[in-house]
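Each remark here refers to the structure printed beneath this line.
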């Protein structure tokens with residue numbers, strides 16, 4: 001009997017190509033839902049963009065929170081997290097330039113860390129619950145650790161950095 005390559009190898013190769021193509025389609029291609037790109041306001045770091053000041057809130061004697069309008073309701077600012085912009089304005093006829101870090105609306109708890117806040121937002125004490133804390137040392141030492149201890153968390157299940 002003779003060995004016919006077309007009957008044994010070709011179907012296998014076709015199956016491999018279909019499998020590889022399917023994997024590439026799902027890993028690199030579209031998942032069927034097109035994501036709409038929103039217009040970005042800050043496209044060029046060398047350009048000054050005039051934006052209207054909508055609201056100014058005084059947080060403390062040396063801290064203010066500004067809300068600026070974007071060109072349209074569909075625009076996004078386009079600034080990476082943790083970055084800042086320079087604001088420039090004439091104040092009493094003198095040009096003032098300041099660094100400003102935009103903030104997002106925080107829809108979760110705010111205020112001091114308390115027993116109730118920890119109880120409401122962290123898992124209950126157990127052998128498999130790991131609590132990871134990051135923040136100012138006084139907050140961790142004076143607010144977080146004592147309240148975690150009151151809630152029954154063991155020190156070996158708490159990691160601070």
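Numbering (the UniProt record's numbering), first residue to last: 1 to 161. For every residue, glycine included, the Cβ atom is placed at its ideal position computed from N, Cα and C.
query = Around the Cβ of residue 144, are there at least 16 other Cβ atoms within 10 angstroms (buried) or fewer (exposed)?
reply = Buried, by the Cβ-count rule.
ask   = Who pairs with residue 174 in a beta bridge, going by DSSP?
value = In the structure displayed, the chain extends from 1 to 161; residue 174 sits before or after that span and is not available.
request  = Measure the alpha-carbon distance for residue 50 versus residue 19 and round it to whole angstroms.
outcome  = Rounded to the nearest whole angstrom, the CA to CA distance from residue 50 to residue 19 is 52 Å.
inquiry  = Considering just the uninterrupted stretch of the beta strand (DSSP E) at residue 90, what are its terminal residues?
reply    = Under the DSSP assignment, residue 90 falls in the beta strand (DSSP E) whose first and last residues are 85-91.
Local conformation of residue 159 per DSSP, three classes = Correct three-state label for residue 159: strand.
request  = Verify whether the separation of the beta carbon atoms of residue 125 and residue 151 is less than 8 Å.
outcome  = Contact flag set, yes.
key: Where the beta strand (DSSP E) containing residue 100 begins and where it ends   = From DSSP, the beta strand (DSSP E) with residue 100 extends over 94-100.
request  = Taking residue 103 as the reference, give the member of 119, 77, 91 with the closest Cα.
outcome  = Per the Cα distances, 77.
request  = Go to residue 118, then tell me how far its alpha helix (DSSP H) extends in each direction, as first and last residue.
outcome  = For residue 118, the enclosing alpha helix (DSSP H) starts and ends at 115-121.
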